[in-house]
Amino acid sequence: MTDLPFDPIQLMREHPEKMRVPGGLLTKKGPQDYVGSVPAITGTLFFDGAHLPEVREAICLCFDEYEAIAKGHLTWLWREEPPEGPNRFAYADAPSMRKMIEVMKEDDSVTFAYISGRQQHDAGDWEFYVSGLRGWQAKSGGWGTSVLRFSLPLLYVEENPTAFQEIFLSFAKRLKARHGYGGHGLVLSIVRINDNQPFEAFLSEKLKGLDVGRPLGAASVADKGLKTVSWLTAVNHEMVEKVGGLFTIRSELPRDWFALYDYGSGLIVQAGPKPEAAPSDQPMPARFVLPNMLFKEVRAQKVSLHRASVDGEPRLIGWSADQWLKRFDIDQSKLIEYKTKLLDEPKLTKSTTLPGRL
Numbered sequence: 001m002t003d004l005p006f007d008p009i010q011l012m013r014e015h016p017e018k019m020r021v022p023g024g025l026l027t028k029k030g031p032q033d034y035v036g037s038v039p040a041i042t043g044t045l046f047f048d049g050a051h052l053p054e055v056r057e058a059i060c061l062c063f064d065e066y067e068a069i070a071k072g073h074l075t076w077l078w079r080e081e082p083p084e085g086p087n088r089f090a091y092a093d094a095p096s097m098r099k100m101i102e103v104m105k106e107d108d109s110v111t112f113a114y115i116s117g118r119q120q121h122d123a124g125d126w127e128f129y130v131s132g133l134r135g136w137q138a139k140s141g142g143w144g145t146s147v148l149r150f151s152l153p154l155l156y157v158e159e160n161p162t163a164f165q166e167i168f169l170s171f172a173k174r175l176k177a178r179h180g181y182g183g184h185g186l187v188l189s190i191v192r193i194n195d196n197q198p199f200e201a202f203l204s205e206k207l208k209g210l211d212v213g214r215p216l217g218a219a220s221v222a223d224k225g226l227k228t229v230s231w232l233t234a235v236n237h238e239m240v241e242k243v244g245g246l247f248t249i250r251s252e253l254p255r256d257w258f259a260l261y262d263y264g265s266g267l268i269v270q271a272g273p274k275p276e277a278a279p280s281d282q283p284m285p286a287r288f289v290l291p292n293m294l295f296k297e298v299r300a301q302k303v304s305l306h307r308a309s310v311d312g313e314p315r316l317i318g319w320s321a322d323q324w325l326k327r328f329d330i331d332q333s334k335l336i337e338y339k340t341k342l343l344d345e346p347k348l349t350k351s352t353t354l355p356g357r358l
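Everything in the sequence shown is counted per UniProt numbering, starting at 1 for the first residue and increasing by one.
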């Protein structure tokens with residue numbers, strides 16, 4: 001099931017705009033006539049209080065900012081268990097997010113998915129997804145956190161080298177995020193996630209820098225720690241202190257390669273000038289290995305990535321999910337080797353970093 005009619009790595013490198021993966025690829029029923037997944041640069045933030053009015057307004061402000069650049073690309077809105085109205089709108093016909101949230105009670109689900117696929121079940125590389133815990137879930141505990149994920153097309157990020165960082169930082173501030181990460185990812189069909197996880201699992205073996213798994217799965221254990229490091233990694237103040245404080249972070253992550261941004265509730269680390277897919281057939285990038293070593297202490301021990309396999313198709317569950325969490329781990333004895341390797345990796349520039357870095 002892994003004999004593909006194209007080389008996804010080469011296609012992503014040379015023609016990312018053509019990387020529209022057929023739905024259901026690598027499943028028993030085979031490729032389907034819809035877009036199952038699209039590569040993009042994705043940002044995921046975990047936060048609390050989605051049942052509270054002030055946090056719901058923060059979510060609306062985040063979408064306002066995203067919509068300002070994505071409006072011309074958005075096509076559909078999906079909602080989960082809305083208190084009134086349909087669960088799906090054509091984007092052009094949808095009420096504003098604020099109007100929809102205004103009628104919601106504390107225990108209603110603030111779950112919206114704005115997508116850019118041509119068909120309502122197509123994946124697209126512009127997507128804004130948020131899923132907030134209901135009031136009773138937040139109060140009872142044991143449900144993890146709320147989550148927001150957004151995506152920008154690969155070419156948009158390449159042509160606007162600080163756009164993603166600006167949005168990620170702004171959202172982290174507004175949401176007072178616990179933690180999060182941003183970099184290469186796959187945007188899956190929002191209503192056919194299960195059928196498209198096998199291709200995501202396959203691609204994760206080829207690209208170590210690729211985020212994988214459902215945002216909701218990660219949110220369910222986000223109160224236990226960090227999921228992963230990536231091009232951008234957000235860590236809260238408690239995590240910063242656990243790894244030794246700002247002085248330790250600065251000493252372990254040299255400023256020529258790593259930028260630090262204060263988002264109010266913690267720090268965002270930018271690793272290198274642009275996102276890195278980290279192909280598995282090449283040496284692991286030091287700009288991922290070093291922050292992974294630093295933040296390993298505050299990483300979650302387990303995370304839910306994929307649903308169970310039905311017909312033996314690739315999935316990241318159990319042991320393979322654990323190995324994905326550890327994919328950048330190295331022996332302590334190799335740390336100096338990677339610190340030396342960093343010297344030959346791309347440095348940050350003024351055009352690839354935000355003003356006001358620490």
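Glycine included, C-beta positions come from ideal geometry on N, C-alpha and C.
Source: prediction; values computed, not measured.
Residue nearest to Ser304 within the set Val221, Leu232 and Leu290 is Val221 (criterion: CA-CA distance). With a beta-carbon spacing of about 5 Å, Ala277 and His184 fall inside the 8 Å limit used to define contacts. Look at Pro273 here: in three-state DSSP terms it is coil, with no helix or strand label. For Ala50, the secondary structure class from DSSP, reduced to helix, strand or coil, is coil. In the three-state scheme derived from DSSP, where H, G and I count as helix and E and B as strand, Gln32 is classed as strand. No Cβ-Cβ contact shorter than 8 Å links Ala123 with Ser204. The straight-line gap separating the alpha-carbon atoms of Pro275 and Pro95 is approximately 34 Å. The alpha-carbon separation between Ile268 and Ile115 amounts to approximately 26 Å.
Going by C-alpha positions, Leu232 is about 10 Å away from Pro273.
In its chain, beyond the 5 residues on either side, Phe171 and Arg174 have a beta carbon closer than 6 Å to the beta carbon of Cys62.
Assignment of Gly43 by DSSP, reduced to helix, strand and coil, places it in the strand class.
Listed in chain order, the non-local C-beta contacts of Val55 below 6 Å within the same chain comprise Gly49, local neighbours out to five positions each way being set aside.
DSSP places Ile336 in no beta strand (DSSP E) but in the uninterrupted alpha helix (DSSP H) bounded by Leu335 to Leu342. Contact between the region 235-250 and the region 316-328 is not established, with fewer than three Cβ pairs separated by less than 8 Å. Counting C-beta pairs with one atom in each stretch, the region 101-108 and the region 82-89 have three or more that are closer than 8 Å, which means they touch.
Where Arg174 is concerned, there is no enclosing beta strand (DSSP E), although the alpha helix (DSSP H) around it starts and stops at Ala163 to Leu175. Shown here for Tyr129: same chain residues with a beta carbon closer than 6 Å to its own, the five before and five after excluded, namely Ala113 and Arg149 in chain order. Residue pairing from DSSP places Tyr181 in a beta bridge opposite Thr44 and Thr233. According to the DSSP assignment, Glu313 belongs to no alpha helix (DSSP H), since it is labelled neither H nor E.
DSSP places Pro82 in the coil class of the three-state scheme, outside both helix and strand.
The beta carbons of Ser151 and Glu166 sit about 15 Å from each other, so the pair does not count as a contact at 8 Å. Secondary structure note for Pro22: its beta strand (DSSP E) is the uninterrupted segment Val21 to Gly23. Counting only runs of 4 or more residues that sit fully inside the region 102-133, no alpha helix (DSSP H) segment turns up.
When the five nearest sequence neighbours on each side are left out, the beta carbons in the same chain lying within less than 7 Å of the beta carbon of Leu169 are those of Tyr261, Tyr263, Ile268 and Leu354, in order along the chain. Residue environment analysis places Gly117 among the buried positions, since at least 16 neighbouring C-beta atoms fall within 10 angstroms of its C-beta. In the three-state reduction of the DSSP assignment, Gly266 falls in the strand class, which pools E and B. Secondary structure at Val38: strand, using DSSP grouped into helix, strand and coil. Judged by beta-carbon spacing, Gly209 lies beyond the 8 Å limit of Val235, meaning their Cβ atoms are not closer than that value.
Across the structure, Trp143 and Arg255 are spaced so that their CA atoms are roughly 37 Å apart. Put simply, the backbone Cα of Asp33 is about 13 Å away from that of Gln120.
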